[in-house]
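Numbering of the sequence shown is given in this note's numbering, commencing with residue 5 and proceeding in unit increments. Okay, structure first, notes after.
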Amino acid sequence: MKRSPDDVQRLIAELRNDLSQIEQLSDTNGRAAERIAAGAEDYLDYAALGYTIHNIYAVMENACLRVAKFFENNLSDSSWHKDLLERMRLTIEGVRPALLDEDTYLLLDELRAFRHVFRTLYARPIDHDTIHLVQKKVPAATEQFIHAVERYITELRRLHDTITP
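What follows is the structure, encoded as structure tokens:
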């Protein structure tokens, strides 16, 4: 499918909106982590922290999905969450550059795995140790993802400049 300059601009705007959401969620995540660091031990405090991690990754995944749909437009139903993340570290010659480097991919894959566990907890207790381990990686994952998307937006601008309306 041939893309127009407006299509590229729309993708850039959507990705910028995703980055804004990630920054807001990061602030909320930081506040939740600070409560626990200050001694909060209630189930709700850990649930809130887990929820912010879940939401940060969900927005990251949505940004990846936007890129995949824009350039490739196909994902299998069975394991699309993991496949999508793996695909974002690939450069597809003549189609699009990679969105994620290996380090960012590995951090996001840990958040993806946590999100899966967190979403399926139901009546089981939240494992505080797991949340602490994952939380330690959230700031780096968030920062690296934001930088990756900003670099990608630069590439999208180059693409925009080469498309004739």
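Cβ atoms here follow ideal geometry from the backbone N, Cα and C, with glycine treated the same way.
- For E65, the number of other beta carbons within 10 angstroms of its own is at least 16, and it is reported as buried.
- Beta-bridge partners of R100 (DSSP): I96.
- Assignment of N21 by DSSP, reduced to helix, strand and coil, places it in the helix class.
- Y126 sits in coil when the DSSP states are folded into three classes, being neither helix nor strand.
- Closest in alpha carbon position to R93, among I40, A72, D81, Y50, is A72.
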